[in-house]
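Enquirer: Counting from 1, position 168 in the sequence shown corresponds to residue 171 in the working numbering; the numbering is continuous, with no gaps.
The structure follows.
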Amino acid sequence: MVPRRATYTGSSSGREDGGGVTGVPHARGEVRDRLRALGIRPARRLGQSFLFDPFVGDMEAALLELPPGTPVTEIGGGLGILTEALLRRGLGPLRVIERDRRLAAHLRSTFGDRIRVEESDALVAGFGGERAVVGNLPFSVATPILTRLFTARVPTIVALLQKEVGGRYAAAPREHGYGRPAIQAALYGSVERFAPVPSSAFEPEPAVDGVLVRFRGRDGELPVRSVPEFERIVRELFARRRKQLGNLLPGVAGSDAAAVAAAAAAGWPEGWARMRPEELPPAAYFALARSLGRG
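So, in structure tokens, the structure goes:
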């Protein structure tokens with residue numbers, strides 16, 4: 004269920020600092036004007052599109068389901084539409100990771116000491132110990148960013164993703180898009196897919212729509228002992244996903260007999276040899292890795 008939209012009452016800022024009007028733009032034309040003033044030309048190859056719908060930002064903040072005063076890390080502060088929503092809900096201290104120095108300066112002048120801006124790339128920034136991370140992730144690098152957050156065991160992640168990418172993480176067995184992303188998400192916790200976000204909510208308008216997704220981290224130990232070994236097993240099986248598991252598993256296990264023994268030890272269903280990889284749930288692969296003694 005999508006959280007009910009809170010009533011939007013306008014920007015949380017909008018003062019002048021001698022270098023032009025600051026504040027958060029809430030319309031396409033305002034975004035264009037602000038980017039022009041900052042000397043920024045969005046690079047489509049980097050997936051640079053700026054959200055300007057404040058209600059989408061508010062939905063993201065609401066999906067965190069955190070009380071005021073909770074520390075939060077935001078990835079990609081941009082022009083501040085999500086930062087504004089987080090502050091409006093009283094969340095913080097708020098760490099905002101922004102790689103573009105001009106956008107970082109804009110965020111500092113707009114929000115002042117209410118946020119801590121870290122000029123860094125989310126692909127290299129440090130994570131660990133965060134209560135929650137939220138962000139409008141660049142469509143081109145969302146997957147490696149999410150992998151870093153998963154491995155850092157962040158308890159709550161709310162992300163605006165490309166619709167197709169979000170669908171892959173949230174897909175169930177036998178659904179279109181089910182595969183390694185969904186299994187990875189299940190390894191580290193659970194995933195929920197929420198409201199779609201139309202491309203018209205961004206400037207410049209991307210070629211695809213987005214979707215809001217929430218990840219909840221798993222409590223306690225992971226269900227496999229070695230994540231690299233587990234990922235290797237899944238990668239080998241899904242590399243030829245249209246083949247039946249009876250033809251694939253012997254290559255992973257080492258022989259036909261070893262495949263049969265591993266599947267039995269993992270509790271795989273009868274008839275597994277005629278099934279394809281996308282027909283089994285993540286738990287079946289966790290059990291397989293344990294039965295092979297490699298994950």
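Note that CB positions come from ideal geometry on N, CA and C, so glycine has one too.
These numbers come from a predicted model, not from an experiment.
#1: Going by the beta-carbon positions, is the gap between residue 63 and residue 100 smaller than 8 Å?
#2: Starting from residue 3, trace the alpha helix (DSSP H) in both directions and tell me its first and last residue.
#3: On a CA-only basis, which of 296, 252, 171 is nearest residue 194? Give me that one, please.
#4: Only counting the same chain, and skipping five residues up and downstream in sequence, which positions put a Cβ closer than 8 Å to that of residue 269?
#5: Of the residues 73, 165, 271, 248, which one's Cα is nearest the Cα of residue 54?
#6: Mind checking residue 296: buried by the 16 CB within 10 Å criterion, or exposed?
#7: Would you grab the beta carbon distance between residue 185 and residue 173 for me? Rounded to a whole angstrom, and I think it's under 8 Å.
#8: Are residue 79 and residue 138 close, meaning C-beta to C-beta below 8 Å?
#9: Assuming contact is defined by CB atoms lying nearer than 8 Å, are residue 215 and residue 237 in contact in what I supplied?
#10: State yes or no: is the C-beta of residue 67 within less than 8 Å of the C-beta of residue 109?
#11: According to DSSP, residue 241 sits in a beta bridge with which residue or residues?
#12: What do you reckon, are the CB atoms on residue 111 and residue 159 nearer than 8 Å?
#13: Assess, as a yes-or-no matter, whether the stretch 245-256 is touched by the stretch 221-229 under the definition of 3 or more beta carbon pairs within less than 8 Å.
Expert: Reading off the structure:
#1: no
#2: Absent from the structure is residue 3, since the part of the chain shown begins at 4 and ends at 298.
#3: 171
#4: 287, 290, 291, 293, 294
#5: 165
#6: exposed
#7: 7 Å
#8: yes
#9: no
#10: no
#11: None, per the DSSP bridge assignment.
#12: no
#13: no
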